[in-house]
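Colleague: In my numbering, the protein residues as written are 1 to 197. Even glycine gets a Cβ: it sits at the ideal position worked out from N, Cα and C. I'd like to ask some things about the structure below.
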Amino acid sequence: MASIVASSKLVGFPKKMAFNKPELPTEMHKKLEQKERQGEFKEVLRLSSRNTVKTPQAILSDAPTERISRKIDGQLANYVPLFMMLPLGVVTRENKFPDEAKLEKQLKELKAAGVDGVMVDVWWGIIEAKGPKQYDWSSYRRLFEVVQKCGLRIQAIMSFHQCGGNIGDAVYIPIPEWVVAVREKDPDIFYTNRSGT
């Protein structure tokens, strides 16, 4: 039984991954072995889920062979960046960033583990809590500085909904009080579905 052996350059993956391919023509197998010896081997492989074999089988794609050196923004062309979600309450309801030193230590550990960045919810109920067009970004700005200092990228998700309020939820961040006051004056101002929620 012939096998295709792919060399991996990604951190955390085995150096060699073997895929069984019994129907691979001998001539094609020789070309692949030659490319691997020359250090040019990088075939685009597609795993088949149609077979009943317990081990994954590789199927050669019609896509052309690419060189390992092809990179985008200093990374492999097919690299998928890894972002970890920060805790929902990393900035408190009172717009405080209380555990800065602890978070900085954790962010450095993530960076050392190969994580590219973090994702954080930026809560409307915190930023614009005091009134319409009265924004306070201070805690989030400090959080972003700490993330940048640790060499990580950040994805900020603007969250215009309430956080928590259900059984077992550890974090509760409501929408701004002034928005609730508007709803009390005009109950039809908010979107509702057919069931009224």
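(1) Can you name, in chain order, every residue of its own chain whose Cβ lies under 6 Å from the Cβ of R142, other than the five neighbours on each side?
(2) How big is the Cα-Cα spacing for A101 and Q162?
(3) Could you give the C-beta distance for C150 and K108, rounded to a whole number, given that I count them as a contact under 8 Å?
(4) Measuring CA to CA, which of N95, I189, A113 is closest to Y140?
(5) Determine the burial state of V11: buried for a count of at least 16 other Cβ atoms within 10 Å of its Cβ, exposed for fewer.
(6) Is L76 helix, strand or coil when you go by DSSP?
(7) Taking 6 Å as the limit between beta carbons, can you name the residues of its chain near R70, skipping five residues before and five after?
(8) On the DSSP letters alone, give me the boundaries of the alpha helix (DSSP H) that I126 sits inside.
(9) Between V121 and I157, is the Cβ-Cβ spacing less than 7 Å?
(10) Using only CA atoms, which one of Y79, F144, P81 lies nearest to V90?
Modeller: With the given structure in hand:
(1) Closer than 6 Å at Cβ, skipping near neighbours: F97.
(2) 27 Å
(3) 5 Å
(4) N95
(5) The pLDDT assigned to V11 is 43, lower than 50, so where the model puts this residue is not dependable; a value taken from the coordinates is nonetheless given after this. Only exposed fits V11, as fewer than 16 other CB atoms lie within 10 angstroms of its CB.
(6) Three-state DSSP puts L76 in a strand.
(7) Annotation note: pLDDT 45 at R70 (below 50); position unreliable, coordinate value reported separately. Hits under 6 Å: A77.
(8) Per DSSP, the unbroken alpha helix (DSSP H) holding I126 starts and ends at 124–127.
(9) Note on identity: in this sequence residue 121 is Asp, with Val being the wrong assignment. It is a contact, given that the beta carbons lie within the stated cut-off.
(10) F144
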